[in-house]
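Asker: Which chain is which? The protein sequence lines are V and X, in order. Its first residue numbered 70, the first sequence is counted upward by one per residue in our numbering. Its first residue numbered 8, the second sequence is counted upward by one per residue in our numbering.
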Amino acid sequence: MINVLKARLVQGHRTMKYPDGPAPELPGKFAGWPEIDCSKCAGNCGKACTEICPTDAIEPAASGRTGVSIDLGKCLFCLACRDACPAGAISFGRKYQLAAAKREDLVTGSGDDANRVALCEKARKLFGRSLKLRQVSAGGCNACEADTNVLNTVAWDLGRFGIQFVASPRHADGLLITGPVSENMRDALLKTYEAVPSPKIVIAVGACAISGGPYIGHPETCNGAGSLLPVDLFIPGCPPHPLTILDGLLKFIGRL
Amino acid sequence: MKLSVEIPNGATAGLAEIPDLPVVDFRKAVIGAVNEGARISALFGRPSPGGPVKLYAVLALKETGMLMLTSTSVEAGYPALTPDCGQAHLFEREIAEQCGILPEGHPWLKPVRFPPSSAAAKNVFGQASGNGKCGITDFFKMAGEEVHEVAVGPVHAGIIEPGHFRFQCHGETVYHLEISLGYQHRGVERALAGGPDKRTIHYMETLAGDTTVGHADAYCRIVESLSKCSVPARAQVIRGIAQELERIANHIGDLGALAGDIGFLPTMSYCGRIRGDVLNMTASLCGNRFSRGLIRPGGTGFDMDSACVDELLRKVDSVSADVESAVNLLWITPSVLARFEGTGQVDAETCRQIGLVGVAARACGEPVDVRQDFPYGIFRFSHIPVSTSNTGDVFARAFVRWLEIQRSFDFIRDQLMSLPDGPVLETVGRLSPLRMAVSLREGWRGELCHVAITDENGRFSGYKVVDPSFHNWFGLACALRNQQISDFPLCNKSFNLSYCGYDL
Chain V
70 MINVLKARLV
80 QGHRTMKYPD
90 GPAPELPGKF
100 AGWPEIDCSK
110 CAGNCGKACT
120 EICPTDAIEP
130 AASGRTGVSI
140 DLGKCLFCLA
150 CRDACPAGAI
160 SFGRKYQLAA
170 AKREDLVTGS
180 GDDANRVALC
190 EKARKLFGRS
200 LKLRQVSAGG
210 CNACEADTNV
220 LNTVAWDLGR
230 FGIQFVASPR
240 HADGLLITGP
250 VSENMRDALL
260 KTYEAVPSPK
270 IVIAVGACAI
280 SGGPYIGHPE
290 TCNGAGSLLP
300 VDLFIPGCPP
310 HPLTILDGLL
320 KFIGRL
Chain X
8 MKLSVEIPNG
18 ATAGLAEIPD
28 LPVVDFRKAV
38 IGAVNEGARI
48 SALFGRPSPG
58 GPVKLYAVLA
68 LKETGMLMLT
78 STSVEAGYPA
88 LTPDCGQAHL
98 FEREIAEQCG
108 ILPEGHPWLK
118 PVRFPPSSAA
128 AKNVFGQASG
138 NGKCGITDFF
148 KMAGEEVHEV
158 AVGPVHAGII
168 EPGHFRFQCH
178 GETVYHLEIS
188 LGYQHRGVER
198 ALAGGPDKRT
208 IHYMETLAGD
218 TTVGHADAYC
228 RIVESLSKCS
238 VPARAQVIRG
248 IAQELERIAN
258 HIGDLGALAG
268 DIGFLPTMSY
278 CGRIRGDVLN
288 MTASLCGNRF
298 SRGLIRPGGT
308 GFDMDSACVD
318 ELLRKVDSVS
328 ADVESAVNLL
338 WITPSVLARF
348 EGTGQVDAET
358 CRQIGLVGVA
368 ARACGEPVDV
378 RQDFPYGIFR
388 FSHIPVSTSN
398 TGDVFARAFV
408 RWLEIQRSFD
418 FIRDQLMSLP
428 DGPVLETVGR
438 LSPLRMAVSL
448 REGWRGELCH
458 VAITDENGRF
468 SGYKVVDPSF
478 HNWFGLACAL
488 RNQQISDFPL
498 CNKSFNLSYC
508 GYDL
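1) Could you pull out every unbroken alpha helix (DSSP H) segment of at least 4 residues lying fully inside the region 90–164 of chain V, listed in chain order?
2) When you compare only the Cα positions, how much space is there between Ile-246 (chain V) and Gly-170 (chain X)?
3) In this structure, does DSSP put Ser-267 (chain V) in helix, strand or coil?
4) Just the C-alpha distance for Gly-275 (chain V) and Ile-248 (chain X), rounded to the nearest angstrom, thanks.
5) Give a yes or no on whether the minimum CB-CB distance between Val-271 (chain V) and chain X is below 8 Å.
6) If you draw a straight line from the alpha carbon of Val-407 (chain X) to that of Thr-340 (chain X), how long is it in whole angstroms?
7) Could you please tell me which residues of the region 181–193 of chain X, in chain order, have their CB closer than 7 Å to any CB of chain V?
8) In chain order, what residues of the same chain lie with their CB nearer than 7 Å to the CB of Gln-134 (chain X), ignoring the 5 residues before and after it?
9) Do you know offhand how far Glu-154 (chain X)'s Cα is from Cys-498 (chain X)'s?
10) Determine the direct distance from the alpha carbon of Met-254 (chain V) to that of Pro-273 (chain X), and round the result to whole angstroms.
11) Can you give me the start and stop residues for the alpha helix (DSSP H) that Leu-66 (chain X) sits inside?
12) Check for me: the beta strand (DSSP E) holding His-82 (chain V) runs from which residue to which?
13) Evaluate Gly-137 (chain X) with the Cβ neighbour count: other Cβ atoms within 10 Å of its Cβ, from every protein chain shown; 16 or more gives buried, anything less gives exposed.
14) So which residues on chain V does His-209 (chain X) lean against when the C-beta distance must stay under 9 Å?
15) Ignore the nearest five residues each way along the sequence and tell me which others in Met-85 (chain V)'s own chain have a CB closer than 7 Å to its CB.
16) Just to confirm the assignment, what range does the alpha helix (DSSP H) spanning Glu-231 (chain X) have?
17) Considering only residues of the same chain and omitting the five flanking positions on each side of Leu-227 (chain V), which have a CB-CB separation below 6 Å?
18) Determine, for Gly-469 (chain X), whether the minimum Cβ-Cβ distance to residues of chain V falls below 8 Å.
19) In the region 316–399 of chain X, which residue ranges form an unbroken alpha helix (DSSP H) of at least 4 residues, counting only runs that do not cross its ends?
20) Short of 7 Å Cβ to Cβ, which residues in the region 72–99 of chain V face chain X?
21) According to DSSP, is Ala-135 (chain X) part of a helix, a strand, or is it coil?
22) Under the three-state reduction of DSSP, which class applies to Ser-313 (chain X): helix, strand or coil?
23) Given Cys-92 (chain X), which residues of its chain have a CB within under 6 Å of its CB, disregarding the five upstream and five downstream residues?
24) Check each candidate in V:Thr-119, V:Ser-206, V:Phe-230 and name the one with the smallest Cα separation from Leu-315 (chain V).
25) Looking at chain V, is there any beta carbon in it that lies within less than 8 Å of the beta carbon of Gln-134 (chain X)?
26) Considering only their Cβ atoms, is the gap separating Gly-101 (chain V) from Leu-163 (chain V) smaller than 8 Å?
27) Between the Cα of Val-377 (chain X) and those of X:Ile-419, X:Ala-23, X:Ser-446, X:Ala-83, spot the shortest distance and give me the residue it belongs to.
28) Ala-149 (chain V) and Pro-123 (chain V) - do their beta-carbons sit closer together than 8 Å?
29) Taking the alpha-carbon of Ala-215 (chain X) as reference, which of V:Ser-108, V:Leu-312, V:Cys-213 has the nearest alpha-carbon?
30) Would you say Asn-253 (chain V) faces chain X, with C-beta separation under 8 Å as the test?
31) Does any residue of chain X bring its CB to less than 8 Å from the CB of Ser-199 (chain V)?
32) Alpha carbon to alpha carbon, how far is Ser-389 (chain X) from Pro-88 (chain V)? Give it in angstroms, no decimals.
33) Does the separation of the CB atoms of Ala-345 (chain X) and Gly-399 (chain X) fall below 8 Å?
34) Starting from Pro-54 (chain X) and walking both ways along the beta strand (DSSP E), at which residues does that stretch end?
35) Using 8 Å as the threshold, is the region 412–421 of chain X in touch with the region 317–336 of chain X, meaning 3 or more CB pairs across them?
36) May I ask you to report which of helix, strand or coil DSSP gives Arg-408 (chain X)?
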């Protein structure tokens, strides 16, 4: 017992101050929201960036506009486009706030930051102080699961915001889905969704759950949760940094 | 007649050099080698359109540090190896599922991953099992008045991957556990054929997301040996550091989770946090906590500047001190030891028979470690002692992890202090045609085996991945025999196997 107490003293109190204090430090080489300098993009380079993107996340901007846009719902943040661009027009910034409530707002150059994650007032009343989620892992690589789980550690302490992962869908207000939804998980996911009492929400975490990620177009998968269920919150990344996930969740329930 | 060809780890052999034996000689060669102490690293089939299925075996010969390759061609079926060689049982089920040929006399032939469209496999498994729905198959059943069956999954109670577990119990005691997976199957091996292309490295990084360095490194060696690319020394060291960071992070997470499963909250809380600190050390190398973008064919995608080296050295000191204080509580707390010791035992003989790898094997006293037995990269020059224990129980699997954490920290400290200068990335050329390349790595769970076969244009005509979990899930089933069902979470966590690495 005395040893347990001694260790307790050594380990100290390490729950982060965020969101009341500063956010935890991001790694120096962190790749966040992409910045595209359209004035540099001449568009006559043979489309080096669109050619090299493993998930076709990068496309020429809508007609009438110059440059390219990146769909963060597909982006793996692998930086291949940045390195391929001969003009150096693409850079990935340090902005970790990537979540959006609408699929189309995940495309760079669309939507405005303030309203990217907005929950309707009624839902906020229902879930704002207590959000119980059932996590369903469906065909991914387990990295999104790992960094979602991290939020439950003492450092992040997700419970202090009233957000909790529960064991049964019957106890849940919604699902947090990771993975592209493999065909083999389709039934299990739909049954789990059905078992959640209404009103219910769906959160898709990671490139896989949003679009299929590296497995886009595989007949063994469903290209993400959106093809089967109505998604209320998209949190992009491969995998998203825990801070990105937390930011999305807190904005969603109106705590940020 | 030559029965096989031998190559070192990370080398290649011309397809024409690999003997194509009659089935009877192939069986003899494989079973004979296993009886003499070899382990099956890979055993798989490659269908050729309209022709027979070619079966390839890759055997790891620990004594000589060589890999033995051999092959045979079969039409509709062949006498299964499994009755004479237990290690082959899951490989042969996979062959049946992927190639639609029948391993005759296989004692428990049923689907492995239930791929959505496998008409060929349906014929092999018959109508009773494999009707296309994942998990719908025959399960071993016990009969009797007080016998009951417990079914768990695919969706589990925590934030974990999906899988189905079927327990045959009598009261609290588990007599048999059958594990049925496939829910994470996303068609990666199928998609790898025709590569390498721009998605290949991303498939490798996500074969098992917690083993990004291990799998990406195994793949890169395949490409590098097929293109005769030599990786700069600095990149070799960075890869080694990243691989050991991956091992440390996962082992710390596992020790914390083991503590959590028995309700010992101090170590659980501390380790959960410290694991995050180690992931952040990885992120300081490449910006991503799971090493995405770090390992690239020809070297590494990122270099370290001196500030990064200093910062990592500081972190190694502070984090290893934190872990020591957190983990050592386990070994001095009687209530922890009472739950760890004697739970989920696997004996050394079973371990050898079913071909366990990695932490699970070393916990049974088997000193198997690819870094030592088939050294690669930086591990050819800088050795990490193999950590073993001999009780084969939860305690042994936990204690081996603790030994490995300490030794990996020492390794990283040494490497950071003697980081060679120079570039970190070499250009990779075209791959040699019509060759087979084999690459083994010691991932944090155990042996990773990648096998690539190139066509006449130097593209992958086939790519085989064997995650350590493929060998070890059956070990978990064995560990549960005669245990209380309430000990399942603890036993399961002590193996902590990958679902996605198995399902591919």
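Ideal Cβ placement from N, Cα and C applies to all residues, glycine included. Since this is a predicted model, take the numbers as computed values, not measurements.
Answerer: To lay it out plainly:
1) 117–121, 149–153
2) 16 Å
3) coil
4) 27 Å
5) no
6) 18 Å
7) Gly-189, Tyr-190, Gln-191, His-192, Arg-193
8) Any reading at Gln-134 (chain X) needs caution, since the residue's pLDDT is 49, under 50, leaving its predicted position unreliable; the model's value is listed next. Nothing listed; no residue qualifies.
9) According to the sequence as given, residue 154 (chain X) is Val; it is not Glu. So the two alpha carbons sit approximately 22 Å from each other.
10) 36 Å
11) Run containing Leu-66 (chain X): none in the alpha helix (DSSP H); it sits in the beta strand (DSSP E), 60–68.
12) Per DSSP, His-82 (chain V) belongs to no beta strand (DSSP E) and is neither H nor E.
13) With a pLDDT of 45 at Gly-137 (chain X), under the threshold of 50, the predicted position of this residue should be treated as unreliable, though the coordinate-derived value follows. Buried, since its Cβ has 16 or more Cβ neighbours within 10 Å.
14) Pro-123, Thr-124, Leu-145, Cys-147, Gly-282, Pro-283, Cys-307
15) Pro-93, Ala-224, Trp-225
16) 219–233
17) Leu-220, Asn-221
18) no
19) 341–347, 355–361, 365–369, 377–380
20) Asn-72, Val-73, Ala-76, Arg-77, Val-79, Gln-80, Arg-83, Pro-96, Gly-97, Lys-98, Phe-99
21) Only weak support is given to the placement of Ala-135 (chain X): the predicted model assigns it a pLDDT of 47, under 50, and the value that follows is read from those uncertain coordinates. Looking at Ala-135 (chain X) - three-state DSSP - the assignment turns out to be coil, as it is neither helix nor strand.
22) helix
23) Ile-38, Val-41
24) V:Phe-230
25) The predicted model places Gln-134 (chain X) with a pLDDT of 49, which falls under 50 and marks its position as unreliable, so this point remains unresolved.
26) Correcting the residue identity first, residue 163 (chain V) is Arg in this sequence and not Leu. Yes; because the gap between Cβ atoms is below 8 Å, this pair is in contact.
27) X:Ser-446
28) yes
29) V:Cys-213
30) yes
31) no
32) 44 Å
33) no
34) 46–54
35) yes
36) helix
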